[in-house]
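Numbers in our numbering are just positions in the sequence shown, counted from 1, shifted up by 74.
What follows is one structure encoded as structure tokens, with my remarks underneath.
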Amino acid sequence: MKIRVVSSKEEIDSLGDSEEIVHMAFRPSNKDIFTLVQTCPGLKAIHVPSSYKKTLSKSTEMFLEMQNVTLLEGDVWGHRKDINEYYEIKPQIFDRITELRIDGISDEDIRSRLEMETRLSKDLIKFLI
């Protein structure tokens, strides 16, 4: 699974309509979020750093909820946008989720374990589960 990393509002217009998860590496305004949802009709989630999430308005959160777009909090650690515009979630993470489910581990315990094993945010792990 790939997460498209967007580092400026100018990049939003260049996104394809096939993007499903987007990480906003800048502080998006309400208009930026609205434009993103319009540009990417198949969008499932927007991933933003904690400090940026706290500044989003309730109306933006309600808009995303009405559009069935999940707002995720967290960072993409170690990603270099100059090398690749996508942050990739390795297939091994999905394999690990499946393995833990087969072992009868609850979703909450899987989230806790993967938080320790990976550098993914708890919101993103919860979304993947």
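Just so it is clear, CB atoms sit at the ideal spot from N, CA and C, and this is done for glycine as well.
With a CB to CB cut of under 7 Å and the five nearest residues on each side skipped, what residues in its chain are close to residue i?
{"i": "leucine 174", "result": "Ile184 and Arg187"}
Between residue i and residue j, what straight-line distance do the alpha-carbon atoms span, to the nearest angstrom?
{"i": "serine 88", "j": "leucine 110", "result": "10 Å"}
{"i": "glutamate 84", "j": "threonine 144", "result": "22 Å"}
{"i": "tyrosine 160", "j": "isoleucine 179", "result": "30 Å"}
{"i": "histidine 97", "j": "histidine 121", "result": "4 Å"}
{"i": "serine 124", "j": "asparagine 158", "result": "23 Å"}
Is it right to say residue i is buried, meaning 16 or more other beta carbons lie within 10 angstroms of its own, or is it exposed?
{"i": "threonine 129", "result": "exposed"}
{"i": "proline 165", "result": "exposed"}
{"i": "threonine 172", "result": "exposed"}
{"i": "arginine 78", "result": "buried"}
Which of the three DSSP states, helix, strand or coil, is assigned to residue i?
{"i": "valine 111", "result": "helix"}
{"i": "methionine 75", "result": "coil"}
Looking only at its own chain, which residues have a Cβ that is under 6 Å from the Cβ of residue i, when we skip the five neighbours before and after it?
{"i": "aspartate 106", "result": "Lys83"}
{"i": "aspartate 197", "result": "Leu146, Glu147 and Gly148"}
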